[in-house]
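Be aware that the sequence shown starts at 1, since it is given in the UniProt record's numbering, and climbs by one per residue. Cβ coordinates follow ideal geometry from the N, Cα and C atoms, glycine included. A quick note: this is a predicted structure, and the numbers were derived from the prediction, not measured. Heads up, the thing below is written out as structure tokens.
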Amino acid sequence: MAILINKDTRIVTQGITGKTGEFHTQQCLDYAFGKDCFVAGVTPGKGGQEVLGVPVLNSVAEAKAQHGVNASVIYVPPRFAAAAIDEAVDAELDLVICITEGIPVADMIKTRDRMRKMNSKTILVGPNCPGVITPEEVKIGIMPGYIHKKGNIGVVSRSGTLTYEAVHQLTQLGMGQSTCVGIGGDPVNGLKHKDVMKMFNDDPDTHAVVMCGEIGGTDEEECAAWIKENMTKPVVGFIAGITAPPGKRMGHAGAIISGGQGTAQSKIDALEDAGVHVTLNPSEMGSTLKKALG
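What follows is the structure, given as structure tokens:
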């Protein structure tokens, strides 16, 4: 068992005819059960073609009707990406993973508000994220598949690089992963740390979780409050940005501190108060988890 995706997920790539969409779809096709999972691509106006042996259609609705897709991955350029999310939501897919970086915040505010007003059942991951992988089953996104190993540790992170670092350390220590979820670093996004933590807590095959956060926003503090009251499994946490100079805007759009909240220290304090095993050294995420598991 895993969360969000497995080898039975059927996926459409939105933007498959673009250079980025084609490249990463090829990587996903080559990983584990990818050839069974990636069954369609969509680019408006280019229906009828094939890319990498995958049929291209004009709309997500057509991909769902003809190929039974229930998940989408988006590599559409920033100015069109929010509309691509809207299209997948309108097709009532179970899951939409948006890899695109640089979507205007105003566009994402409209898309999130639209999803709320529709009471949409679609789960959105991202944007500006590396995607989701269930090792040795299916990967949807841009993460390097070869560093992953099937196992029982969940990973959730705002940073793609930290996701890969945590996974690599776990694998090197012989600890495989159940599912790894990159939620992205934008301030207006889909799944939050808390949402993913709830899924891992409910997943019987996830025995512990590594959680990577960063400065800005209150996502990690809200997750810590939930962990304190509800989490039944060990959690290791790392927060990036403790040495960031005050007043400096950092790389991720969500890394903005305001009102005394969102600092690395406030997040670390909240996680420690919740019983999370916090490490200040990113090279010790795996070893900290190994100690926590005894």
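Using the three-state DSSP reduction, which class does residue i fall into: helix, strand or coil?
{"i": "M108", "result": "helix"}
{"i": "K62", "result": "According to the sequence as given, residue 62 is Glu; it is not Lys. DSSP places E62 in helix when its eight states are reduced to three."}
{"i": "residue 337", "result": "This structure cannot settle anything about residue 337, because the visible part of the chain is limited to 1 through 294."}
{"i": "P55", "result": "strand"}
{"i": "L4", "result": "coil"}
{"i": "Q26", "result": "helix"}
{"i": "D221", "result": "Rather than Asp, the amino acid found at residue 221 in this sequence is Glu. Note: E221 maps to helix in three-state DSSP."}
{"i": "T20", "result": "helix"}
{"i": "S72", "result": "strand"}
{"i": "G182", "result": "strand"}
{"i": "Q177", "result": "strand"}
{"i": "V278", "result": "strand"}
{"i": "Y146", "result": "helix"}
{"i": "K35", "result": "helix"}
{"i": "K192", "result": "coil"}
{"i": "I103", "result": "coil"}
{"i": "N230", "result": "helix"}
In its own chain, which residues sit with a C-beta less than 6 Å from the C-beta of residue i, not counting the 5 before and 5 after it?
{"i": "C223", "result": "H193, K194, M197"}
{"i": "D219", "result": "K192, H193"}
{"i": "T20", "result": "Y75"}
{"i": "Y31", "result": "K139, G145"}
{"i": "S120", "result": "V89"}
{"i": "A2", "result": "T134, S178, T179"}
{"i": "G48", "result": "none"}
{"i": "N225", "result": "For the record, residue 225 in the displayed sequence is Ala; it is not Asn. Nothing meets the Cβ criterion."}
{"i": "V278", "result": "G237, I268, L271, E272"}
Using a threshold of 8 Å, state whether the C-beta atoms of residue i and residue j are closer than that.
{"i": "V132", "j": "I85", "result": "no"}
{"i": "R10", "j": "V69", "result": "yes"}
{"i": "M285", "j": "Q169", "result": "yes"}
{"i": "A264", "j": "G241", "result": "yes"}
{"i": "M199", "j": "V235", "result": "no"}
{"i": "T163", "j": "N201", "result": "no"}
{"i": "D205", "j": "N281", "result": "no"}
{"i": "A91", "j": "A71", "result": "no"}
For the alpha helix (DSSP H) that contains residue i, what are its first and last residues?
{"i": "N152", "result": "Looking at the DSSP string, N152 is not in any alpha helix (DSSP H); the run it does join, the beta strand (DSSP E), is 150-157."}
{"i": "E214", "result": "Taken as a continuous stretch (DSSP letters only), E214 belongs to no alpha helix (DSSP H), being part of the beta strand (DSSP E) at 208-214."}
{"i": "T161", "result": "160-172"}
{"i": "S287", "result": "285-292"}
{"i": "P78", "result": "78-90"}
{"i": "D205", "result": "Here D205 belongs to no alpha helix (DSSP H), and DSSP marks it neither H nor E."}
{"i": "Q49", "result": "Per DSSP, Q49 belongs to no alpha helix (DSSP H) and is neither H nor E."}
{"i": "I268", "result": "264-273"}
Starting from residue i, trace the beta strand (DSSP E) both ways and give me its first and last residue.
{"i": "F238", "result": "235-240"}
{"i": "C98", "result": "95-98"}
{"i": "V42", "result": "38-42"}
{"i": "I123", "result": "123-125"}
{"i": "V132", "result": "131-134"}
{"i": "I11", "result": "11-14"}
Under 8 Å by Cβ, that's how I've got residue i and residue j pegged, so tell me the actual separation to the nearest angstrom.
{"i": "L57", "j": "T25", "result": "No, L57 and T25 are not in contact; Cβ-Cβ is about 14 Å, not under 8 Å."}
{"i": "V181", "j": "L4", "result": "7 Å"}
{"i": "K267", "j": "G213", "result": "6 Å"}
{"i": "G41", "j": "V73", "result": "Incorrect: roughly 10 Å between the Cβ atoms, too far for contact."}
{"i": "G262", "j": "G190", "result": "Not really, about 19 Å apart at Cβ, beyond 8 Å."}
{"i": "G237", "j": "L271", "result": "4 Å"}
{"i": "residue 309", "j": "F38", "result": "Given a span of 1 to 294 for the chain in the structure shown, any question on residue 309 remains unanswerable."}
{"i": "K64", "j": "L93", "result": "7 Å"}
Within its chain, find whatever has a CB closer than 8 Å to the CB of residue i; leave out the 5 residues flanking it on each side and keep chain order.
{"i": "G160", "result": "C129, P130, I142, M143, G182"}
{"i": "D36", "result": "K7"}
{"i": "K228", "result": "D273, A274, G275"}
{"i": "P78", "result": "T100, E101, G102, I103, P104"}
{"i": "M108", "result": "A82, P127, D186, V188, N189"}
Take residue i and list the residues in its own chain whose beta-carbon comes closer than 7 Å to its own, dropping the five residues that flank it on each side.
{"i": "T43", "result": "G15, I16, T17, V56"}
{"i": "T111", "result": "A82, I85, D86"}
{"i": "V167", "result": "I147, H148, V155, Q177, C180"}
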